Amino acid sequence: MKGISGKVALVTGAASGIGRSTAIRFAEEGAKVALSDVQVDAGQQVVREIEAEGGEAVFFEADVSKEADVAGLVERTVEEFGGLDFAHNNAGIEGTQSSIAEMSIEDFQRVIDINLTGVFLGLKYEIPRLVEQGGGAIVNTSSVAGMTGGANLSHYYAAKHGVIGLTRSAALEVASENIRVNAVLPGVIETPMIERFVGDDEEAKEGLLATEPIGRFGTPEEVAGAVVYLCSDDASYVTGHPMVVDGGYVVP
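For this note's numbering, count along the sequence shown from 1 and bump the result up by 87.
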């Protein structure tokens, strides 16, 4: 894709799933990639995979719910590669299933802290660096849950709605700085999160599959392609957009 090669990309939640695939795709397109996660061994393994294919990558451990970690992550990325051009604020968790009446404040707050506050902190510290660079692009991971509602995961739905609001607000704030901010809204994607959600329950898996008009689950690589596209020059007139990558989930 145009405008990716030779640039610097930061991906959070990069040890598995969508983040892993996005980091690899950025590297395949010629970018230098800083990966971050709390899963150190898995994150370092992704770096080795990128390097084995001739790419350039580095891993930094960081908890996106902690401001000092995010500030340090952005700073270390700039120190390592000399700048920052793209960011994918992707780290997230699904949380424990529970009704609102029975959900603990601790469970609710943890999902908000990682899925929503983590995106806010990413934007807070990435935007000044992109301004210094003269522009760039940021993509935040929301979800089709950001356009719908659902029982027993209210914290997750609330956070993902919030990510879309943050994305739109940020896009307007920095449009004059040559910075574009968009979001991807994955549907049901074959990732460790989905595996944790359904486990060995074939009935639950079939129920999820039935929500996808295209007739299959998505792949992390398909979402990664959308993320890198939104960062590329091919999407130079796209900002503030929640891009659905869901096999038709929200169409009916």
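Glycine is no exception: its CB is placed at the ideal position from the N, C-alpha and C atoms. What you are looking at is a predicted structure, and each value in this text was computed from that prediction instead of being measured.
Per-residue DSSP class, three states only, for residue i
i    : result
I137 : helix
M88  : coil
G334 : coil
G93  : coil
G130 : helix
F195 : helix
D124 : strand
A149 : coil
I276 : strand
E299 : coil
E116 : coil
Neighbour-count burial assignment, residue i, 16 or more Cβ in a 10 Å radius
i    : result
V133 : buried
D128 : exposed
A238 : exposed
R135 : exposed
K94  : buried
S191 : exposed
Y324 : exposed
V198 : buried
G205 : buried
S263 : exposed
E116 : buried
Residue(s) in a DSSP beta bridge with residue i
i    : result
P329 : A270
S185 : L240
H175 : V98 and V226
G305 : I276
K247 : According to DSSP, K247 bridges with nothing at all.
E143 : K119
For residue i, the nearest candidate out of the options (CA to CA)
i    : options                   : result
L240 : G182, E290, Q196 and T254 : G182
G294 : P307, A311, Y336 and S103 : Y336
A174 : E213, T254 and A257       : E213
N169 : Q220, G90, A311 and T326  : According to the sequence shown, residue 169 is Gly rather than Asn. Checked all of Q220, G90, A311 and T326; the closest Cα to G169 is Q220.
V261 : V231, M330 and G223       : G223
E148 : G142, G236, V157 and G141 : V157
N269 : K89, Y316, E143 and E116  : Y316
E162 : I111, S123 and A313       : S123
A246 : I225, A144 and L272       : L272
P300 : P307, G274, I199 and L253 : G274
G179 : S152, A258 and G312       : S152
F146 : Q131, E140 and A139       : Q131
N202 : P215, Y244 and G327       : Y244
Cβ distance (whole Å) where residue i is taken to contact residue j below 8 Å
i    : j    : result
V338 : A313 : Not a contact, Cβ separation roughly 17 Å.
V120 : I137 : 7 Å
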